[in-house]
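J.: Here's a structure for you.
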Amino acid sequence: MNKLAGQRHFDVATRARRLAVFPNESHVVRLVVFATFLLAVAALRPSPASADSQGDELSRWIDQRGERVWGEPPEKCDDLTFVRRVYLDLVGRVPSVSEIRDFRTLGEDRRDLLVNELVFGEGPRRETYTRLSASSLARHWRQILVPPGTVVNGSVQGLETWLADAFREGKPYDEMMREIAQIQSSASAGGYYQLVGGTPENYAGNLSRVMLGVRLDCAQCHDHPFTDWKQHDFWGLAAFYSDMSPAGGDPDGSRPTGKSGEIRFEGQTYAAKFLWQDDTIEDASRAPRVRLARWMTSPENPNFAATAVNRFWQLLVGRGLYADIENLDLASPDEREFLDDLGKRFAEDGFHVQRLIAAICKTNWYAARVMSESGSAETFRRELKVISPEQVFDSLEQSLHLPISRIDPAAPRWTGARLQMVNRLGEAIGETPEDYASGIPQALMMMNGPVTSDAIDLDRSRLLRAVVESPFFDEDKRIETLYLAVLTREPSDAEKQSLTEYLDNKPDETMRRKAFGEILWALLNSPEFVLCR
Amino acid sequence: MSMTRPFETFSRRDLFRIAAASVGGISCSPWLPKLAMAAGTKRPPKACILLWMAGGPSQMETLDPKPGHRNGGPTQAISTAVPGIELSQNLPGLATQMKDVALVRSMKTREGDHGRATQLMMTGYRPMGGMTDYPVFGSLISHRLKPAGSPLPGFVSIAPFRFGNLGSGFLGPDHSPLVVSGASNDPNTRANLTVENLDVAGGNPDALSERQGLLEMLRRGSPQSSAAALKHASVYDQAMRMVETRGEGAFDLDEEKTELRDAYGRNRFGQGCLLARRLVERGVPFVEVSLDAAGQGSWDSHVDNFSTVSSMCEVLDPAWTTLMSDLRDRGMLESTLVVWMGEFGRTPRINPNRGRDHFPDAWSVALGGGAIAGGQVYGKTSADGMEVSDNPVSASDLYATMLEALGIDSSGDNAMGNRPIPLVDEGGTPIRELLG
Numbered sequence: 001m002n003k004l005a006g007q008r009h010f011d012v013a014t015r016a017r018r019l020a021v022f023p024n025e026s027h028v029v030r031l032v033v034f035a036t037f038l039l040a041v042a043a044l045r046p047s048p049a050s051a052d053s054q055g056d057e058l059s060r061w062i063d064q065r066g067e068r069v070w071g072e073p074p075e076k077c078d079d080l081t082f083v084r085r086v087y088l089d090l091v092g093r094v095p096s097v098s099e100i101r102d103f104r105t106l107g108e109d110r111r112d113l114l115v116n117e118l119v120f121g122e123g124p125r126r127e128t129y130t131r132l133s134a135s136s137l138a139r140h141w142r143q144i145l146v147p148p149g150t151v152v153n154g155s156v157q158g159l160e161t162w163l164a165d166a167f168r169e170g171k172p173y174d175e176m177m178r179e180i181a182q183i184q185s186s187a188s189a190g191g192y193y194q195l196v197g198g199t200p201e202n203y204a205g206n207l208s209r210v211m212l213g214v215r216l217d218c219a220q221c222h223d224h225p226f227t228d229w230k231q232h233d234f235w236g237l238a239a240f241y242s243d244m245s246p247a248g249g250d251p252d253g254s255r256p257t258g259k260s261g262e263i264r265f266e267g268q269t270y271a272a273k274f275l276w277q278d279d280t281i282e283d284a285s286r287a288p289r290v291r292l293a294r295w296m297t298s299p300e301n302p303n304f305a306a307t308a309v310n311r312f313w314q315l316l317v318g319r320g321l322y323a324d325i326e327n328l329d330l331a332s333p334d335e336r337e338f339l340d341d342l343g344k345r346f347a348e349d350g351f352h353v354q355r356l357i358a359a360i361c362k363t364n365w366y367a368a369r370v371m372s373e374s375g376s377a378e379t380f381r382r383e384l385k386v387i388s389p390e391q392v393f394d395s396l397e398q399s400l401h402l403p404i405s406r407i408d409p410a411a412p413r414w415t416g417a418r419l420q421m422v423n424r425l426g427e428a429i430g431e432t433p434e435d436y437a438s439g440i441p442q443a444l445m446m447m448n449g450p451v452t453s454d455a456i457d458l459d460r461s462r463l464l465r466a467v468v469e470s471p472f473f474d475e476d477k478r479i480e481t482l483y484l485a486v487l488t489r490e491p492s493d494a495e496k497q498s499l500t501e502y503l504d505n506k507p508d509e510t511m512r513r514k515a516f517g518e519i520l521w522a523l524l525n526s527p528e529f530v531l532c533r
Numbered sequence: 001m002s003m004t005r006p007f008e009t010f011s012r013r014d015l016f017r018i019a020a021a022s023v024g025g026i027s028c029s030p031w032l033p034k035l036a037m038a039a040g041t042k043r044p045p046k047a048c049i050l051l052w053m054a055g056g057p058s059q060m061e062t063l064d065p066k067p068g069h070r071n072g073g074p075t076q077a078i079s080t081a082v083p084g085i086e087l088s089q090n091l092p093g094l095a096t097q098m099k100d101v102a103l104v105r106s107m108k109t110r111e112g113d114h115g116r117a118t119q120l121m122m123t124g125y126r127p128m129g130g131m132t133d134y135p136v137f138g139s140l141i142s143h144r145l146k147p148a149g150s151p152l153p154g155f156v157s158i159a160p161f162r163f164g165n166l167g168s169g170f171l172g173p174d175h176s177p178l179v180v181s182g183a184s185n186d187p188n189t190r191a192n193l194t195v196e197n198l199d200v201a202g203g204n205p206d207a208l209s210e211r212q213g214l215l216e217m218l219r220r221g222s223p224q225s226s227a228a229a230l231k232h233a234s235v236y237d238q239a240m241r242m243v244e245t246r247g248e249g250a251f252d253l254d255e256e257k258t259e260l261r262d263a264y265g266r267n268r269f270g271q272g273c274l275l276a277r278r279l280v281e282r283g284v285p286f287v288e289v290s291l292d293a294a295g296q297g298s299w300d301s302h303v304d305n306f307s308t309v310s311s312m313c314e315v316l317d318p319a320w321t322t323l324m325s326d327l328r329d330r331g332m333l334e335s336t337l338v339v340w341m342g343e344f345g346r347t348p349r350i351n352p353n354r355g356r357d358h359f360p361d362a363w364s365v366a367l368g369g370g371a372i373a374g375g376q377v378y379g380k381t382s383a384d385g386m387e388v389s390d391n392p393v394s395a396s397d398l399y400a401t402m403l404e405a406l407g408i409d410s411s412g413d414n415a416m417g418n419r420p421i422p423l424v425d426e427g428g429t430p431i432r433e434l435l436g
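The listed protein sequences correspond, in order, to chains A and B.
Residues in the first sequence are numbered from 1 upward in steps of one, following full-length UniProt numbering.
Residues in the second sequence are numbered from 1 upward in steps of one, following full-length UniProt numbering.
Spelled out as structure tokens, the structure:
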């Protein structure tokens, strides 16, 4: 209770401080009085019903469980690294210099408090963070549902909007997935069915991959050569969608039998059947998809919750608790134990997405320093994480102070520059967050593209002008600010020294000023900008 | 699905601009051929140029004319350098090259939708719900034949236009195509036939070495052993060398004789074919040049098939012909496979709009150069063109043949993770008759 009260006090104080743009003493005094008042009011209210409303208990459980599996807790990353991580992971962009400054004043529990702010929208920027984190999650899940390289039928925007609404409303994960499984028409659930090809077999392949972490697609044409999947497993799942209107694009595809819950492929008829069960369901024509959706998300299904937590873990930590996320059927019982237990807890907690995310972000494992060196598969690994195309643009926008207003004709977000960049980067996306997949065209765009050209031009770059022309900054401060804005860190002593020498070698003041553009170019193109440490 | 794209060719002003830019642009040290061709000690490395006819060209108006039959329409046949082999009147230039070209008139595939058929013909695999991300042919070849340490990529795609988002798939970004123009909607940048973003940001090429130095310094700050960081460094080093050497000078088309440039045709496809030769000369193993629309024409000739195909051939024929003779003149034809194909053929029956529709049942492709035994026709269609009457060829047969022509064992595998993926889809058998 004490801790809770203290935390509330803190939030109020933070809010109060942030309200003051140019705080002077009298402001501060008034605000402290106000805050104390609020604290008194807050103390009268009953505490929230749920014991683990912000995932703290689950977080402690993960920490302990992790130690049983991996041993000693890992060495922690520094504060600034942590801030960069959570901002990228939770709101999809790097923190601004003032957000970094705010974080530093948060005191002892600052990491947990920041997670609460970003995940649960606590604090004065509630609306912004809630919106950003919902759209960030939606983008990520859209990519899980429609992986890069898929030939899509239409635009993914509808699906992404559907996902963002669900995340913003705090819809439980199982409910979202039930809606996707029991679609009434090809336009339901953001039009996902239509998007991935509009056939029962495409949908079945995607659902088993997305929700159950198994790839059945090889079993479409023949029994799977490396796993136990048989053709009747695949088509048994596809049969749940046999009454959806067929797309008819594939002359060799499935044929409906005229009976719901039954499908024909190459002369064979298959009846609807759950995976991991030998018998087909009884009376398949009775609301088959509702039954499928219920089974999918029930505890009888061994993979649903495990796959879910594995995906969230991968999103945040970079590597799944079982790394081969879509071949979960290849994991040994030992390899699955942690995953299954965490999945169970997620289910018992009502599949609350935000709480799971907060819990993971508050663990020692999330906060581990990057350590590529550690070798064996059993030990915990934390690698650099490649940020997504949207995160690259949104981070550039934040770092460079690009105009963002919809009515500003120069705002790259609305001129098509964002789309162009996201598309180009989107041409080469890795399978996991640890995979850097960009090629030459992507590198050339970051090196010489229009956004970069503007960024390093003293006449056009807001960031450069703010840094180079500020009368309050000396040269060290200028370098530091560029580092903080772009990489969320201070330059090392060695870097400071190199850069000072570099600047000193410039023959005159004009060249010296221009050199800051070159430094900024290097920061934007450094591995650290696109690889979250 | 119908294909539309605004019509583009070079305007005089564009040409002037290109010429001016090249003269005033950054000049590189003259490129010296790295291949020991001149010395005659080494054979040039194998390469492939794919002339991709997006939209599906009519076989009857190109490689398989049917004069005299109702389905043949007004298209006449002409004789070629090889007695007994006839082409449509639209390809008089190619007729002179016939000794080095083999026609396959018996393609039989089953995909009649642009997207699905493109995926089939570009990857050799039928679309299967997009679950396995098959690489396109160019990526396969890049993966097999890209020379180590080349500053140029293994796969360059010139002015691509195709259905679907196809790329290197599970072979990864090392083998994804470097796209030369075509991505922008600005007709000028398209016409420029250069790589986007090759010009140093800020306009000062001298800045490059400073930037490289600063980047080096910053690299020391991230974990050296991280796979992602290593990959980042290697991609950036390659991109830097591309910028530094302006792509080994491959894009400086003005180094070529005016007559040769004219012969290729002063249009995007013609100059693209010339660029393809320059890239292959510099060690790029796979170049794809797309032609989907020119003048008033498009391969997707649902309406007015005859005039539209003949206007397409006015662009195609000189470029293809000059490419063949240019490769021969430079001693590169024996090592360079030239493939001409689209995603399917057109219906033999002429529709009420004097057009032809999509037709995968019986259509044609052409292979030339490389290890191909030219001067022959493989397979045959019936007199009405409605079906293959002799030696049907599937997409995977064609893939097996192209791989063998490039010296690659077509029964081999790629790997996706631990899973072996055959280079060629089930049942693909190389056509021995076509391989010299």
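Each residue gets a CB set at the ideal place from its N, CA and C atoms; glycine is no exception.
1. Per DSSP, which residues does Cys-48(B) bridge with? Please list them.
2. For Ser-79(B), does the count of other Cβ atoms within 10 angstroms reach 16, so buried, or fall short, so exposed?
3. Helix, strand or coil: which one does DSSP assign to Gly-249(B)?
4. By Cβ distance, which residues of its chain are closer than 6 Å to Tyr-193(A), with the 5 residues on each side in sequence left out?
5. Any C-beta of chain A within less than 8 Å: which residues of the segment 223 to 237 of chain B qualify?
6. Taking buried to mean at least 16 other C-beta atoms within 10 Å of its own C-beta, is Ile-407(A) buried or exposed?
7. Determine the chain A residues that contact Pro-160(B) at a beta-carbon separation under 8 Å, and present them in chain order.
8. So that I know if they touch, is there some Cβ in chain A lying closer than 7 Å to that of residue 461(B)?
9. Give me whichever residues DSSP pairs with Ile-431(B) in a beta bridge.
10. In the DSSP assignment, what are the bridge partners of Leu-171(B)?
11. Can you have a look at Ala-54(B) and say buried or exposed, based on whether 16 or more other CB atoms are within 10 angstroms of its CB?
12. Using a threshold of 6 Å, is the CB atom of Lys-273(A) nearer than that to any non-hydrogen atom of the ligand PLP?
13. Find the residues of chain B that neighbour Arg-533(A), judging by a C-beta separation of less than 7 Å, and give them in chain order.
14. Under a three-way DSSP split, which group does Pro-187(B) fall into?
15. Could you check how far apart the C-beta atoms of Leu-50(B) and Asn-414(B) are, in whole angstroms? I think they sit under 8 Å.
16. Say whether chain B places a C-beta atom closer than 7 Å to the C-beta of Ser-498(A).
17. Do Pro-430(B) and Ser-410(B) have their C-beta atoms closer together than 7 Å?
18. For Met-324(B) versus Gln-89(B), is the C-beta spacing smaller than 7 Å?
19. Quick one: does Ile-479(A) have its CB under 7 Å from some CB of chain B?
20. Does the beta carbon of Asn-197(B) sit closer than 7 Å to a beta carbon anywhere in chain A?
21. Specify the secondary structure class of Ile-372(B) as computed by DSSP and reduced to three states.
22. For chain A, check one thing: does any of its Cβ atoms lie closer than 7 Å to the Cβ of Leu-337(B)?
23. Look at the alpha carbon of Ile-281(A) and the alpha carbon of Pro-302(A), and state the distance between them as a whole number of angstroms.
24. If we count the other Cβ atoms within 10 Å of its Cβ and call it buried at 16 or more, is Arg-220(B) buried or exposed?
25. Tell me which same chain residues have a C-beta within less than 6 Å of the C-beta of Asp-56(A), skipping the five on either side of it?
26. Could you say if the segment 59 to 75 of chain B and the segment 360 to 376 of chain B meet the contact criterion of at least three C-beta pairs nearer than 8 Å?
27. If you check the beta carbons only, do Ser-136(A) and Gly-197(A) fall under 7 Å apart?
28. Jot down the residue ranges of each uninterrupted alpha helix (DSSP H) in the segment 185 to 272 of chain A, minimum 4 residues, whole runs only, in chain order.
29. Taking a contact to mean a Cβ-Cβ separation below 7 Å, would you say Val-156(A) touches Pro-223(B) in this structure?
30. So, helix, strand or coil for Gly-342(B), using DSSP?
31. Assuming contact is defined by CB atoms lying nearer than 7 Å, are Asp-384(B) and His-69(B) in contact in what I supplied?
32. At the 7 Å Cβ level, is Met-217(B) part of the contact set with chain A, yes or no?
33. Listing by chain order, which chain B residues have their CB less than 8 Å from the CB of Asp-457(A)?
34. Could you tell me whether the Cβ of Leu-178(B) comes closer than 7 Å to any Cβ of chain A?
35. Thinking C-beta only, is Pro-177(B) closer than 7 Å to Phe-155(B)?
36. Considering only their Cβ atoms, is the gap separating Gly-439(A) from residue 535(A) smaller than 7 Å?
T.: Short version:
1. Position 48 of the second sequence, counted from the first residue, corresponds to residue 48(B). Bridge partners of Cys-48(B): Phe-286(B), Leu-337(B).
2. Within the second sequence, residue 79(B) is the residue found at index 79, counting from 1. The residue in question, Ser-79(B), is exposed, as its Cβ has fewer than 16 Cβ neighbours within 10 Å.
3. Here residue 249(B) corresponds to residue number 249 of the second sequence, with the count starting at 1. DSSP places Gly-249(B) in helix when its eight states are reduced to three.
4. Numbered from its first residue, the first sequence carries residue 193(A) at position 193. Around Tyr-193(A): Ile-183, Ser-186, Tyr-203.
5. Pro-223, Ser-225, Ser-226, Ala-227, Ala-228, Ala-229, Lys-231, His-232, Ala-233, Val-235, Tyr-236
6. Here residue 407(A) is taken as the residue at index 407 of the first sequence, counted from 1. Ile-407(A) is exposed by the Cβ-count criterion.
7. Along the second sequence, one-based indexing puts residue 160(B) at 160. None at all; the shortest Cβ gap to chain A is about 12 Å.
8. Chain B is shown from 1 up to 436; residue 461(B) falls before or after that span and cannot be answered.
9. Translated into positions along the second sequence, residue 431(B) becomes position 431. Answer is none; Ile-431(B) lacks a bridge partner.
10. Taking the first residue of the second sequence as 1, we reach residue 171(B) at position 171. Paired residue(s): none; Leu-171(B) is not in a bridge.
11. As a working mapping, residue 54(B) is identified with position 54 in the second sequence. Buried: at least 16 other Cβ atoms inside 10 Å.
12. The ligand PLP is absent from the structure shown, which contains no ligand whatsoever.
13. Taking the first sequence and counting its residues from 1, one reaches residue 533(A) at position 533. Those are Ser-222, listed as they occur along chain B.
14. Locating residue 187(B) in the second sequence gives position 187, where the first residue counts as 1. Because Pro-187(B) sits at a pLDDT of 39, beneath the cut-off of 50, its placement in the model cannot be relied upon, and the point is left open.
15. What you label residue 50(B) is simply residue 50 of the second sequence in a count that begins at 1. What you label residue 414(B) is simply residue 414 of the second sequence in a count that begins at 1. 19 Å between Cβ atoms; not a contact.
16. What you label residue 498(A) is simply residue 498 of the first sequence in a count that begins at 1. With 7 Å as the cut-off, Ser-498(A) counts as an interface residue toward chain B.
17. Within the second sequence, residue 430(B) is the residue found at index 430, counting from 1. Within the second sequence, residue 410(B) is the residue found at index 410, counting from 1. In contact: Pro-430(B) and Ser-410(B) (Cβ atoms closer than 7 Å).
18. Translated into the one-based positions of the second sequence, residue 324(B) becomes position 324. Translated into the one-based positions of the second sequence, residue 89(B) becomes position 89. Going by C-beta atoms, Met-324(B) is not nearer than 7 Å to Gln-89(B).
19. By 1-based counting over the first sequence, the position of residue 479(A) is 479. Not an interface residue.
20. Position 197 of the second sequence, counting from 1, holds the residue named residue 197(B). Yes, its Cβ sits closer than 7 Å to a Cβ of chain A.
21. For this step, residue 372(B) is matched to residue 372 along the second sequence. In this structure, Ile-372(B) counts as strand in the three-state DSSP scheme.
22. Within the second sequence, the letter at position 337 stands for residue 337(B). No, Leu-337(B) does not count as interfacial toward chain A.
23. Start at 1 with the first residue of the first sequence, and residue 281(A) comes out as number 281. Start at 1 with the first residue of the first sequence, and residue 302(A) comes out as number 302. Taking C-alpha positions only, Ile-281(A) is separated from Pro-302(A) by approximately 18 Å.
24. Mapped onto the second sequence, residue 220(B) falls at position 220. With fewer than 16 other Cβ atoms within 10 Å, it is exposed.
25. Counting from 1 along the first sequence, the entry for residue 56(A) is found at position 56. Closer than 6 Å at the Cβ level, and outside the excluded window around Asp-56(A), lies no residue.
26. Because the criterion of three Cβ pairs below 8 Å is met, the segment 59 to 75 of chain B and the segment 360 to 376 of chain B touch.
27. One-based indexing of the first sequence puts residue 136(A) at position 136. One-based indexing of the first sequence puts residue 197(A) at position 197. Contact: no.
28. 188 to 195, 200 to 212, 231 to 238
29. As a working mapping, residue 156(A) is identified with position 156 in the first sequence. As a working mapping, residue 223(B) is identified with position 223 in the second sequence. It is not a contact, given that the beta carbons lie outside the stated cut-off.
30. Residue numbering aside, residue 342(B) sits at position 342 when the second sequence is read from its first letter. Strand.
31. For the purposes of this step, residue 384(B) is identified with residue 384 of the second sequence, where counting begins at 1. For the purposes of this step, residue 69(B) is identified with residue 69 of the second sequence, where counting begins at 1. The answer is yes: Cβ separation under 7 Å.
32. As a position in the second sequence, residue 217(B) is number 217, starting the count at 1. At least one chain A Cβ lies under 7 Å of Met-217(B).
33. As a working note, residue 457(A) is residue 457 in the first sequence. The answer, in chain order, is Gly-202.
34. Working through the second sequence from its first residue, we reach residue 178(B) at position 178. Answer yes: the Cβ-Cβ gap between Leu-178(B) and chain A drops below 7 Å somewhere.
35. Here the question's residue 155(B) lines up with position 155 in the second sequence. Here the question's residue 177(B) lines up with position 177 in the second sequence. Phe-155(B) places its beta carbon less than 7 Å from that of Pro-177(B).
36. There is no way to answer for residue 535(A), as the model of chain A reaches only from 1 to 533.
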